[in-house]
Amino acid sequence: MSNECKVDGGRRRLIVATAAVGGVGAIAALVPFVSSMLPSERARAAGAPVEVDIGSLEPGQMITVEWRGRPVWIINRTTHMLETLPKLDGDMADPKSEKNMQPDYCRNETRSIKPAIMVVVGICTHLGCSPSAKFRRGTEEGMDGAWLGGFLCPCHGSTFDFAGRVFKSKPAPDNLEVPRHMYLSDKRILIGEDKKGA
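Per the numbering used here: the sequence shown ends with 198, consecutive numbering throughout.
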């Protein structure tokens, strides 16, 4: 008697092919489960810092970027805008920015790292409306004659100066929030992070 086995090549190919298809199917079935444990692109973007080019931002201009689903205003303030700030100290609810609405490095008269560049979250601290820019003086903006420029929340009338400080006796309880940010260069700002390598 012979101990030799006759190998069925067709059956062997079928077994290998079935195992390969089964392996691919198992991997395909695992992909949704594994990927569901990873944060989505949207979730990563929601908390990720935002890099902004301010190289072409002219004095007196404002740009709006989105960070964590909120509008962030970046304004290149003119000399006139900066000169209005000390004149309004007596009209402000929190003139020295003593409430924690900004990082410590922005707790100064201009509420900024560099005096000319203002970075604030463009959401009223009253009910979350978005104020409108009213940069021109007084009646040119439909405001009273004493208006020196700033922002008006049209919903309930809160007003803010060019540092995002809220005027007294207005519905908004706090100044506009200054987010953490840092300069990557003279022309680039990173919003949402303030430590290199963090």
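Think of the CB as a built atom: it goes at the ideal place given N, C-alpha and C, for glycine as much as any other residue.
In this text the structure is predicted, and so the values were computed from the model without any measurement.
Need the endpoints of the alpha helix (DSSP H) that residue i sits in, please.
i, result
"residue 80", "79-87"
Which class does residue i belong to by DSSP, given the choice of helix, strand or coil?
i, result
"residue 43", "With a pLDDT of 49 at residue 43, under the threshold of 50, the predicted position of this residue should be treated as unreliable, though the coordinate-derived value follows. It is helical."
"residue 141", "helix"
"residue 197", "Residue confidence for residue 197 is low, a pLDDT of 44 falling below 50, so the modelled location carries little weight; the figure read from the coordinates is stated next. Looking at residue 197 - three-state DSSP - the assignment turns out to be coil, as it is neither helix nor strand."
"residue 15", "helix"
"residue 21", "helix"
"residue 37", "Bear in mind that the predicted position of residue 37 carries a pLDDT of just 48, short of 50, making it too unreliable to give a figure here."
"residue 201", "With the chain represented from 1 up to 198, any question about residue 201 goes unanswered, as that position is not in the structure."
Are the Cβ atoms of residue i and residue j separated by less than 7 Å?
i, j, result
"residue 180", "residue 53", "no"
"residue 172", "residue 185", "no"
"residue 122", "residue 71", "yes"
"residue 76", "residue 57", "yes"
"residue 190", "residue 49", "yes"
"residue 178", "residue 61", "no"
"residue 120", "residue 150", "no"
"residue 162", "residue 84", "yes"
With respect to the beta strand (DSSP E) encompassing residue i, which residues constitute its N-terminal and C-terminal limits?
i, result
"residue 118", "117-121"
"residue 150", "150-152"
"residue 190", "188-191"
"residue 64", "62-67"
"residue 134", "132-134"
"residue 184", "181-185"
Which residues does DSSP list as the beta-bridge partners of residue i?
i, result
"residue 167", "92"
"residue 125", "Note: residue 125 sits in no beta bridge, so no partner."
"residue 76", "117"
"residue 49", "Note: residue 49 sits in no beta bridge, so no partner."
Check whether the Cβ of residue i lies closer than 7 Å to any Cβ atom in chain B.
i, result
"residue 143", "Annotation note: the requested chain B is absent from the structure, which comprises a single protein chain."
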